[in-house]
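Residue numbers (our numbering), protein chains in the order written: chain A, 8 to 481; chain B, 6 to 238.
Ideal Cβ placement from N, Cα and C applies to all residues, glycine included.
The next block holds one structure in the form of structure tokens; read it before the comments.
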Amino acid sequence: MREIKVPVTRIEGHGLITVELNRAGKVSKARFHVTEGRGFERFCQGRTLWEMPAITARTCGICPVSHLLCSAKAGDAILAVRPPRAADKLRRLMNLGQYVQSHALSFFHLSSPDLLLGWDSDPAKRNVFGLAATNPQLALDGIRLRAYGQEIIAALGERRVHPAWAVPGGVHAPFTAEARDRLAAKLPEAMRIATDALALYEQGMAGWGEEIASFGDFPSLFMSLVGENGVWEHHDGRIRLVDAERRIVADNLDPARYFEYIGEAVEGWSYLKFPYFQERGYPDGVYRVGPLARLNCCDHIGTPLADAAVARFRATADGKAVTSSFHYHWARLIEIVAALERVKIYFDDPEILSPRVRAEAGINEREGVGVHEAPRGTLFHHYGVDEGGVIEKVNLIVSTGHNNLAMNHTVTQIAHHYLDGQKITEGLLNRMEGGIRAYDPCLSCSVHAVGQMPLKVVLLGSDGNVLDEKVRTA
Amino acid sequence: MINLRIDDTPVQAEPGQTILVAARGVGIRIPTLCQVDALSPVGACRLCLVEIRNWNGRLVPACATPAQEGLDVVAHSEKLTILRRTILELLFAERNHICAFCVSSGHCELQDLATELGMDHVTFPYRFPFLPVDATHPKFGLDHNRCVLCGRCVRACSEVEGAYTWGFSGRGVATLVEADLGDPWGASKTCTACGKCVQACPVGALFEKGKATAEQVKRPEILAEVTERRPRV
Numbered sequence: 008m009r010e011i012k013v014p015v016t017r018i019e020g021h022g023l024i025t026v027e028l029n030r031a032g033k034v035s036k037a038r039f040h041v042t043e044g045r046g047f048e049r050f051c052q053g054r055t056l057w058e059m060p061a062i063t064a065r066t067c068g069i070c071p072v073s074h075l076l077c078s079a080k081a082g083d084a085i086l087a088v089r090p091p092r093a094a095d096k097l098r099r100l101m102n103l104g105q106y107v108q109s110h111a112l113s114f115f116h117l118s119s120p121d122l123l124l125g126w127d128s129d130p131a132k133r134n135v136f137g138l139a140a141t142n143p144q145l146a147l148d149g150i151r152l153r154a155y156g157q158e159i160i161a162a163l164g165e166r167r168v169h170p171a172w173a174v175p176g177g178v179h180a181p182f183t184a185e186a187r188d189r190l191a192a193k194l195p196e197a198m199r200i201a202t203d204a205l206a207l208y209e210q211g212m213a214g215w216g217e218e219i220a221s222f223g224d225f226p227s228l229f230m231s232l233v234g235e236n237g238v239w240e241h242h243d244g245r246i247r248l249v250d251a252e253r254r255i256v257a258d259n260l261d262p263a264r265y266f267e268y269i270g271e272a273v274e275g276w277s278y279l280k281f282p283y284f285q286e287r288g289y290p291d292g293v294y295r296v297g298p299l300a301r302l303n304c305c306d307h308i309g310t311p312l313a314d315a316a317v318a319r320f321r322a323t324a325d326g327k328a329v330t331s332s333f334h335y336h337w338a339r340l341i342e343i344v345a346a347l348e349r350v351k352i353y354f355d356d357p358e359i360l361s362p363r364v365r366a367e368a369g370i371n372e373r374e375g376v377g378v379h380e381a382p383r384g385t386l387f388h389h390y391g392v393d394e395g396g397v398i399e400k401v402n403l404i405v406s407t408g409h410n411n412l413a414m415n416h417t418v419t420q421i422a423h424h425y426l427d428g429q430k431i432t433e434g435l436l437n438r439m440e441g442g443i444r445a446y447d448p449c450l451s452c453s454v455h456a457v458g459q460m461p462l463k464v465v466l467l468g469s470d471g472n473v474l475d476e477k478v479r480t481a
Numbered sequence: 006m007i008n009l010r011i012d013d014t015p016v017q018a019e020p021g022q023t024i025l026v027a028a029r030g031v032g033i034r035i036p037t038l039c040q041v042d043a044l045s046p047v048g049a050c051r052l053c054l055v056e057i058r059n060w061n062g063r064l065v066p067a068c069a070t071p072a073q074e075g076l077d078v079v080a081h082s083e084k085l086t087i088l089r090r091t092i093l094e095l096l097f098a099e100r101n102h103i104c105a106f107c108v109s110s111g112h113c114e115l116q117d118l119a120t121e122l123g124m125d126h127v128t129f130p131y132r133f134p135f136l137p138v139d140a141t142h143p144k145f146g147l148d149h150n151r152c153v154l155c156g157r158c159v160r161a162c163s164e165v166e167g168a169y170t171w172g173f174s175g176r177g178v179a180t181l182v183e184a185d186l187g188d189p190w191g192a193s194k195t196c197t198a199c200g201k202c203v204q205a206c207p208v209g210a211l212f213e214k215g216k217a218t219a220e221q222v223k224r225p226e227i228l229a230e231v232t233e234r235r236p237r238v
């Protein structure tokens with residue numbers, strides 16, 4: 008038996024793919040391992056509720072806004088308050104800025120070198136610098152678009168990374184007309200970049216047929232929050248699951264009761280847990296989250312340019328769910344357009360300048376769940392506190408974790424498709440990484456937990472038969 | 006008047022004034038942490054150490070040493086900077102001072118001192134003690150992880166409020182400030198919930214509940230404002 012190890016680069020965090028080949032040189036198994044360990048669920052214990060947004064924001068340097076906002080929502084639940092309307096809008100505005108910056112980073116900086124320079128191009132040049140050499144305008148556009156998203160975040164939270172701005176009950180400080188006007192002036196350019204990138208992707212698709220068909224194109228469930236009347240939602244709403252036919256499998260689920268329908272399995276070869284939809288069991292309950300899932304789950308986006316793009320997106324699947332994970336890229340670009348259209352709506356809304364942005368309250372519930380759509384997918388923060396507000400229990404279910412099973416399906420599919428015999432080329436390995444990169448996973452976020460985990464050890468013979476199996480429960 | 010020299014500057018002081026007050030009078034800043042106006046000096050933190058040339062280079066705390074005739078005081082030198090920075094590093098290494106999510110970040114005397122004294126890293130191994138947060142009081146919280154044992158809360162409570170709620174328990178590195186005789190703060194029968202201890206605290210150890218990261222601004226000057234307005238007896 009031979010084993011090929013592929014360190015995964017150009018993602019957030021540290022991961023590894025292993026592919027096991029049998030004696031005939033055929034792929035016997037492919038797995039995506041997350042090789043870092045953290046400890047947030049443990050070391051948050053003993054801290055106060057009011058610090059949690061800033062602590063959990065430190066889970067990651069790319070997704071701090073997502074954790075910040077989700078944590079503040081869990082805090083709202085424990086204070087038993089509804090933040091003032093302006094605070095809700097400002098939180099949403101910051102999240103839209105986060106979508107723009109995170110999606111732009113994923114597409115322009117991390118993934119577009121593969122798409123535009125070619126999967127088999129020289130790896131030394133297959134990066135954002137190589138892109139800048141061959142298509143300087145696109146590279147510059149990517150940097151500008153990401154900077155715009157970060158500017159929205161900084162205008163609200165005073166800094167681009169790790170703003171400590173959302174708090175239980177609302178936000179720390181109101182928005183200013185000066186910041187709004189400054190950002191509004193730059194919005195048309197950001198929109199121009201986003202629509203150009205979307206057009207570029209839609210034109211390029213014809214050339215990526217093989218990758219689209221093999222980068223995790225399989226039937227699965229999709230899960231996301233949706234708003235009222237099935238509208239695309241990114242900060243609130245209820246949970247919906249659809250299947251590969253885009254039939255609604257479950258709808259209007261209370262996000263705070265996630266533990267009643269989401270299970271978490273653990274495998275010994277990854278620090279990342281494997282969530283699944285309980286009704287379908289493990290591992291059949293595999294579902295995907297994130298941009299692809301949000302576009303498959305929602306009925307409509309609610310803004311014209313994004314809705315037109317979603318219509319084109321759905322037409323490729325005859326109205327069924329778009330099932331290739333390759334199209335996470337497409338969904339991401341559509342969401343940037345959607346985010347910028349919504350940003351415009353908020354900029355035109357005078358209520359975002361209201362000084363009433365915080366509901367003050369003490370500890371009114373001992374437990375609270377915050378749910379939120381991070382750029383990478385649905386994020387849950389579940390806290391338990393004592394009477395004084397000191398954290399006793401933390402459970403974080405992070406976007407990348409939901410996609411764990413799907414990412415493993417994807418690497419297996421790619422391995423089967425491209426590693427057919429003895430010829431192992433750099434381009435093939437890059438496709439395996441690319442399959443993971445399509446999910447834009449954030450591994451630093453995903454493995455926020457540490458501790459005694461249930462462990463399953465499987466001993467396999469070279470013929471693939473299970474020789475022995477031991478399970479250690481938590 | 007008493008005549009002395011501080012950093013080679015001739016300084017005059019009133020009888021009973023400390024070296025620290027005399028230095029401030031001529032615009033010489035000496036770093037302090039446990040000292041706050043209106044509370045009695047205790048010389049606990051040693052950050053205000055100065056060197057007395059004509060006492061064989063003896064090191065004394067400026068906050069607790071009276072100005073004396075003919076003293077030749079060194080308030081700033083490379084040696085003193087190293088000593089002060091070492092003291093500061095020990096304070097940081099002793100407990101869990103994590104500015105990233107502290108309520109007092111940006112408004113913290115310990116953080117400001119680290120900047121002032123150029124402490125860009127801690128050379129001692131961190132102890133990472135496991136210390137609790139007391140959030141039992143309805144208005145305020147106490148985080149032992151951030152306490153530097155300056156005793157400003159203890160003195161504010163006894164000398165200004167007169168409640169004598171706060172005291173120290175334990176010895177050395179195991180010392181903790183505690184309410185009454187170790188009761189949870191929320192169960193204290195002596196605490197008047199006046200909040201003077203919170204305002205006196207130089208760091209994020211004592212805080213107002215509901216304040217999130219970087220939101221806790223302290224006003225230790227209220228202690229002097231309160232006492233100055235009191236009728237003299």
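- In the DSSP assignment, find the alpha helix (DSSP H) that holds PRO120/A and state where it starts and stops. Your numbering for residue 120/A matches position 113 in the first sequence. Start and end: 119-124.
- Taking the alpha carbon of ALA81/A as the point to measure from, which residue in CYS67/A, ARG99/A, ARG92/A and LEU56/A has its own alpha carbon closest? The residue you call residue 81/A lines up with position 74 of the first sequence. Relative to ALA81/A, the option among CYS67/A, ARG99/A, ARG92/A and LEU56/A whose CA is nearest is LEU56/A.
- Message: I want to verify the contact list: residues of chain B whose CB lies under 8 Å from the CB of PRO60/A, in sequence order.
- Response: As a working note, residue 60/A is residue 53 in the first sequence. The contacting residues are ALA217 and THR218.
- Message: Give me, in chain order, the residues of the same chain whose beta-carbon lies closer than 7 Å to that of ALA72/B; leave out the 5 immediate sequence neighbours on both sides.
- Response: Translated into the one-based positions of the second sequence, residue 72/B becomes position 67. ILE7, LEU9, ALA18, GLN22, THR23, ILE24 and ALA27, listed in sequence order.
- Answer yes or no: do GLY391/A and GLU372/A have a C-beta to C-beta separation smaller than 7 Å? Locating residue 391/A in the first sequence gives position 384, counting from the first residue. Locating residue 372/A in the first sequence gives position 365, counting from the first residue. Their beta carbons are not under 7 Å apart, which means GLY391/A does not touch GLU372/A by this criterion.
- Item | alpha helix (DSSP H) runs wholly inside the stretch 199-273 of chain A, at least 4 long, in chain order | 216-221
- Item | First through last residue of the beta strand (DSSP E) which encompasses ILE11/B | As a first step, residue 11/B must be located in the second sequence, where it is residue number 6. Residues 7-11.
- Message: Judging by CA-CA distance, which residue of VAL41/B, GLY209/B, LYS216/B and PRO236/B is the nearest neighbour of ILE103/B?
- Response: As a first step, residue 103/B is located in the second sequence; it is residue number 98 there, counting from the start. With distances taken between Cα atoms, ILE103/B lies closest to GLY209/B.
- Going along the chain, which unbroken runs of the beta strand (DSSP E) with 3 or more residues stay wholly within the stretch 56-104 of chain B? The qualifying runs are 63-66 and 77-79.
- Who are the Cβ neighbours of PHE387/A in its own chain at under 6 Å, not counting the five residues just before and after it? What you label residue 387/A is simply residue 380 of the first sequence in a count that begins at 1. Excluding residues up to 5 positions away in sequence, TYR265, VAL378 and ILE404 lie with their Cβ nearer than 6 Å to the Cβ of PHE387/A in the same chain.
- Task: Specify the secondary structure class of MET460/A as computed by DSSP and reduced to three states.
- Result: As a working mapping, residue 460/A is identified with position 453 in the first sequence. With a pLDDT of 31 at MET460/A, under the threshold of 50, the predicted position of this residue should be treated as unreliable, though the coordinate-derived value follows. Collapsing the DSSP output to three states places MET460/A in coil.
- Query: Where GLY187/B and ARG363/A are concerned, what is the direct C-alpha to C-alpha distance, given to the nearest angstrom?
  - Reply: Here residue 187/B corresponds to residue number 182 of the second sequence, with the count starting at 1. Here residue 363/A corresponds to residue number 356 of the first sequence, with the count starting at 1. Rounded to whole angstroms, GLY187/B to ARG363/A spans 40 Å at the Cα level.
- Query: So is TYR131/B buried or exposed if we call it buried at 16+ other beta carbons inside 10 Å?
  - Reply: Mapped onto the second sequence, residue 131/B falls at position 126. TYR131/B is exposed by the Cβ-count criterion.
- Query: Within 7 Å (strictly less), CB to CB, does VAL401/A reach chain B?
  - Reply: Residue 401/A sits at position 394 when you count from the first residue of the first sequence. Not one chain B Cβ lies under 7 Å of VAL401/A.
- Query: Counting Cβ pairs closer than 8 Å, one from the stretch 134-153 of chain A and one from the stretch 45-54 of chain A, do we hit at least three?
  - Reply: no
- Nearest-angstrom Cα separation, counted from ASP447/A out to GLY149/A: Translated into positions along the first sequence, residue 149/A becomes position 142. Translated into positions along the first sequence, residue 447/A becomes position 440. Rounded to the nearest angstrom, the two C-alpha atoms are 16 Å apart.
- Message: With a threshold of 6 Å on Cβ separation, who are the neighbours of VAL16/B within its own chain once the five nearest residues in sequence on each side are excluded?
- Response: Here the question's residue 16/B lines up with position 11 in the second sequence. Counting only Cβ-Cβ distances below 6 Å, and skipping sequence neighbours, we find LEU9, ALA27 and VAL31.
- Message: Could you give the first and the last residue of the continuous beta strand (DSSP E) run that contains ALA184/B?
- Response: Translated into positions along the second sequence, residue 184/B becomes position 179. Where ALA184/B is concerned, the enclosing beta strand (DSSP E) stretches over 181-184.
- State the Cα-Cα distance for the pair ARG383/A and THR407/A, rounded to the nearest angstrom. On the first sequence, residue 383/A is found 376 positions in, with the first residue counted as 1. On the first sequence, residue 407/A is found 400 positions in, with the first residue counted as 1. Near 7 Å, if we compare the C-alpha coordinates of THR407/A and ARG383/A.
- Taking only the alpha-carbon atoms, compute the straight-line gap between GLU27/A and VAL34/A and give it to the nearest angstrom. Your numbering for residue 27/A matches position 20 in the first sequence. Your numbering for residue 34/A matches position 27 in the first sequence. Cα to Cα, GLU27/A sits roughly 6 Å from VAL34/A.
- Message: For a contact defined as C-beta to C-beta under 8 Å, what are the partners of THR310/A on chain B?
- Response: As a position in the first sequence, residue 310/A is number 303, starting the count at 1. Correct list: empty, because the minimum Cβ distance to chain B is about 33 Å.
- Task: Enumerate in chain order the residues of its own chain whose CB-to-CB distance from ARG153/A is below 8 Å, with the five nearest sequence positions on each side excluded.
- Result: Residue 153/A sits at position 146 when you count from the first residue of the first sequence. Non-local C-beta neighbours of ARG153/A in its own chain, meaning closer than 8 Å and more than five positions away in sequence, comprise VAL107, GLN108, ALA111, LEU112, PHE115 and HIS116, ordered along the chain.
- Message: Counting only Cβ pairs nearer than 9 Å, list the residues of chain B close to THR183/A.
- Response: As a first step, residue 183/A must be located in the first sequence, where it is residue number 176. Neighbours of THR183/A on chain B: none; closest Cβ ~18 Å, over 9 Å.
- Task: Please list, in chain order, all residues of the same chain as MET439/A whose beta carbon is under 6 Å from its beta carbon, the five residues on each side excluded.
- Result: Translated into positions along the first sequence, residue 439/A becomes position 432. Once the five neighbours on either side are set aside, the close Cβ partners of MET439/A are VAL13, ILE24, VAL418 and ILE421.
- Message: Using the Cβ count rule (16 or more neighbours within 10 Å means buried), how would you classify GLN210/A?
- Response: As a working mapping, residue 210/A is identified with position 203 in the first sequence. It is exposed - the Cβ of GLN210/A has fewer than 16 other Cβ atoms within 10 Å.
- Message: Please list, in chain order, the residues of the stretch 169-183 of chain A that have any C-beta partner in chain B closer than 7 Å.
- Response: ALA171, VAL174 and HIS179
- Message: Quick check on the DSSP output: the beta strand (DSSP E) that includes TRP171/B runs from which residue to which?
- Response: Indexing the second sequence from 1 puts residue 171/B at position 166. Run containing TRP171/B: 171-174, per the beta strand (DSSP E) assignment.
- Message: Can you check which of these residues, CYS67/A, ILE69/A, GLY68/A and ASP95/A, is closest to ALA79/A by C-alpha distance?
- Response: Here residue 79/A corresponds to residue number 72 of the first sequence, with the count starting at 1. Cα-wise, what sits closest to ALA79/A is ASP95/A.
- Query: Helix, strand or coil: how does DSSP classify GLU476/A here?
  - Reply: The count along the first sequence starts at 1 and reaches residue 476/A at position 469. Unreliable placement is indicated for GLU476/A, whose pLDDT of 43 sits below 50; the coordinate value is still reported in the next sentence. If DSSP states are grouped into helix, strand and coil, GLU476/A belongs with the strands.
- On the premise that PHE229/A lies in contact with ASN303/A, defined as a C-beta separation below 8 Å, what is that separation, rounded to the nearest angstrom? Residue numbering aside, residue 303/A sits at position 296 when the first sequence is read from its first letter. Residue numbering aside, residue 229/A sits at position 222 when the first sequence is read from its first letter. 4 Å between Cβ atoms; contact.
- Message: Is there a Cβ of chain B sitting closer than 7 Å to that of THR55/A, yes or no?
- Response: On the first sequence, position 48 is the one that residue 55/A refers to. Output row for THR55/A: interface = yes.
- Query: Which whole-angstrom value is the C-beta distance of CYS155/B and CYS39/B, which I expect to be below 8 Å?
  - Reply: By 1-based counting over the second sequence, the position of residue 155/B is 150. By 1-based counting over the second sequence, the position of residue 39/B is 34. By a beta-carbon distance limit of 8 Å, CYS155/B contacts CYS39/B. Their separation comes to about 4 Å.
- Message: Quick check on ALA198/B - is its C-beta less than 7 Å from some C-beta in chain A?
- Response: Here residue 198/B corresponds to residue number 193 of the second sequence, with the count starting at 1. Answer no: the Cβ-Cβ gap between ALA198/B and chain A never drops below 7 Å.
- Within 10 angstroms of its Cβ, does LEU144/A collect 16 or more other Cβ (buried), or is it exposed? Position 137 of the first sequence holds residue 144/A. Checking the sequence, you will find Gln at residue 144/A rather than Leu. Its Cβ having fewer than 16 others within 10 Å, GLN144/A is exposed.
- Contact with chain B by ARG65/A, beta-carbon distance below 7 Å: Residue 65/A sits at position 58 when you count from the first residue of the first sequence. So, interface residue.
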